[in-house]
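Working notes for the structure below.
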DNA sequence: ATAAAATACGAACGATCGTTCTATTTGTCA
DNA sequence: TGACAAATAGAACGATCGTTCGTATTTTAT
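Residue numbers (the numbering used here), protein chains in the order written: chain A, 78 to 312; chain Z, 78 to 312.
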């Protein structure tokens, strides 16, 4: 008999209303019993998210995935009721990786400017470190699914929107603390967010580390320009 | 008998060595006889590029394309020897659209700062105008194919690299003319290029026009910051 | 140790993928 | 108008897609 089909516990609502938006992301982590099937399920998702970051969530096929993992197609399929649920699980898995690699470490920095810097730098680092072989998972997934409809698209949109808002929120917090005099929080967030995405794009396309150099220079400039502290050119 | 199979006349080499890099792109336009088959071929590519911008070049299937165009699968297929050649033709078609919509109009502006502004603004406008229903064709195609190998990826990489270099080249030209005091041409190009891509991403994902507002504000800021002219706040 | 429940497998389904034939229609030029 | 080529259609191919089902095997609990 196939494994019990677990229902999606979305864990979506009201992340922004929290005092510390990043913290809410941590609470959403599901800790399921460490049964035998759960282990292979994780192994599947680990490999699947790697494939999906390179070939897309649609290019990820059940047969190919099973072949690479050396398990039967039906055995694999039993863990997910359908391809769409597999895709959803992959997106969810990628979200957890994103939290582990970026959100959690950033939480160890003080709110305001230090955390803002950490968020952007960790994000850039996760691209640079090739956490996913195809670069930022959500950059790929969002551009692949932006034209479609359905729960996968919605989930990707939710995560990416949340992250952009988190960056913008930290810009706003920095201003509240007098660390930034940024005019429009969303505009600075737009810049920073765009620099990382541009670096991801350029690096994936041309495999040249200079894209990260440029991104860091642009990020520093943008923050310094909006900063009240005089951080440079003091003898 | 199927139509003659035309061989790819790449038209790639030494675009940058030209005096006016943008002009070289115009020369590459192929003007084929306007036979009956050529008309349907164009009709196919027109529709195919629209589909590809939304569903990706891999999501573009021969059967679905034929069905939507109300022609037979084999009749369609006769125009292209293989799916890969179809994809290549679609990329080539999209390149022509890009030239028509952005490069050609930008050429009507003086070299240097005016043309730089035109290039970026026309590019942004082509996203805003939904020239392709899925947004910038090359943003989608490059992120879809960055992980693979083969002629399609190479073609996309070539076009996108050329365009980035064209932007950077115009920044450099602006500096030569004393219109910009930008430190690193590639860095300003990185910013401008990133803003448009970020706007494309945000607009495709969330269908909100504010992304264009933010992009234009960021673009203006970046150029003004690097500009020697005092363009603002003069009574 | 044994029963029950949880996992995995192998074989097969219909649908669609890209592709290849051969035949038929359409257009062009003598 | 007739000959010939260009252009489209139709039917079928093997491969692979996502999916289902019945059965074996393992893991877990008693």
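Note that CB positions come from ideal geometry on N, CA and C, so glycine has one too.
Here the C-alpha atom of residue 217 of chain Z lies approximately 13 Å from the C-alpha atom of residue 225 of chain A.
Within the stretch 181 to 234 of chain Z, the runs of alpha helix (DSSP H) at least 4 residues long that lie entirely inside it are, in chain order, 181 to 184, 190 to 205 and 214 to 222. Interface criterion met: the Cβ of residue 270 of chain A is under 8 Å from a Cβ in chain Z.
Inclusion of residue 142 of chain A and residue 116 of chain A in the CB contact set at 8 Å is not warranted, their separation being larger than that value. In this structure, the straight-line span from the alpha carbon of residue 245 of chain Z to that of residue 245 of chain A is close to 29 Å. Taking each of Z:203, Z:251 and Z:262 in turn and checking the Cα distance to residue 174 of chain Z, the smallest one comes out for Z:203. A direct Cα-Cα distance of roughly 22 Å separates residue 258 of chain A from residue 240 of chain A.
Only residues of its own chain outside the window of five on either side were considered, and among them 171, 175, 233, 236, 237 and 240 have a CB closer than 8 Å to the CB of residue 215 of chain Z, listed in chain order. Of the residues A:135, A:165 and A:127, the one whose Cα lies closest to the Cα of residue 221 of chain A is A:135.
With a threshold of 8 Å between beta carbons, residue 123 of chain A makes no contact with chain Z. 210, 211, 212, 216, 217, 219 and 220: these are the residues of the stretch 199 to 220 of chain A whose beta carbon lies less than 8 Å from some beta carbon of chain Z, given in chain order. Contacts with chain Z at 8 Å (Cβ-Cβ) include residue 263 of chain A. DSSP lists Z:304 as the beta-bridge partner residues of residue 257 of chain Z.
In this structure, the beta-carbon distance from residue 243 of chain A to residue 273 of chain A does not fall below 8 Å.
The Cβ of residue 291 of chain A sits closer than 8 Å to at least one Cβ of chain Z. Take residue 248 of chain Z, set aside five residues on each side of it, and the residues of its chain with a beta-carbon closer than 7 Å to its own are 193, 257, 259, 262, 265 and 266, in chain order.
Taking every protein chain shown into account, the CB of residue 187 of chain A has fewer than 16 other CB atoms within 10 angstroms, so this residue is exposed. Between residue 212 of chain Z and residue 280 of chain Z a beta carbon distance of about 7 Å is seen, short of the 8 Å cut, so the two are scored as contacting.
Distance from the CA of residue 137 of chain A to the CA of residue 182 of chain Z, rounded to the nearest whole angstrom, comes to 40 Å. Within the same chain, 259 come within 6 Å of residue 252 of chain Z by CB-CB distance, once the 5 residues on both sides are set aside. Per the C-alpha coordinates, the member of Z:169, Z:302, Z:296 and Z:304 positioned closest to residue 200 of chain Z is Z:296.
Out of Z:156, Z:198, Z:195 and Z:304, the CA that lies nearest to the CA of residue 120 of chain Z is found in Z:156. Using a Cβ-Cβ cut-off of 7 Å, residue 132 of chain Z is close to 224 of chain A, given in chain order.
When the five nearest sequence neighbours on each side are left out, the beta carbons in the same chain lying within less than 6 Å of the beta carbon of residue 250 of chain A are those of 188 and 189, in order along the chain. In the displayed model, residue 237 of chain A falls within a helix according to three-state DSSP.
Straight through space, the alpha carbons of residue 298 of chain Z and residue 289 of chain A are spaced by roughly 22 Å. Interface with chain A (8 Å Cβ-Cβ cutoff): residue 196 of chain Z is excluded. Apart from sequence neighbours up to five positions away, the residues of its chain that approach residue 270 of chain Z with a beta-carbon distance below 7 Å are 241 and 244, ordered along the chain. Residue 144 of chain Z and residue 223 of chain Z have their alpha carbons spaced roughly 29 Å apart. In this structure residue 133 of chain Z touches residue 133 of chain A by the C-beta definition: roughly 7 Å separates them, less than 8 Å. Taking 8 Å as the threshold, the shortest C-beta distance from residue 278 of chain Z to chain A falls below it. Any Cβ of chain A closer than 8 Å to the Cβ of residue 138 of chain Z would place that residue at the interface, and such an atom is absent. When C-alpha distances from residue 168 of chain Z are compared across Z:285, Z:196 and Z:127, the shortest belongs to Z:127.
In this structure, the alpha-carbon of residue 197 of chain A lies about 11 Å from that of residue 268 of chain A.
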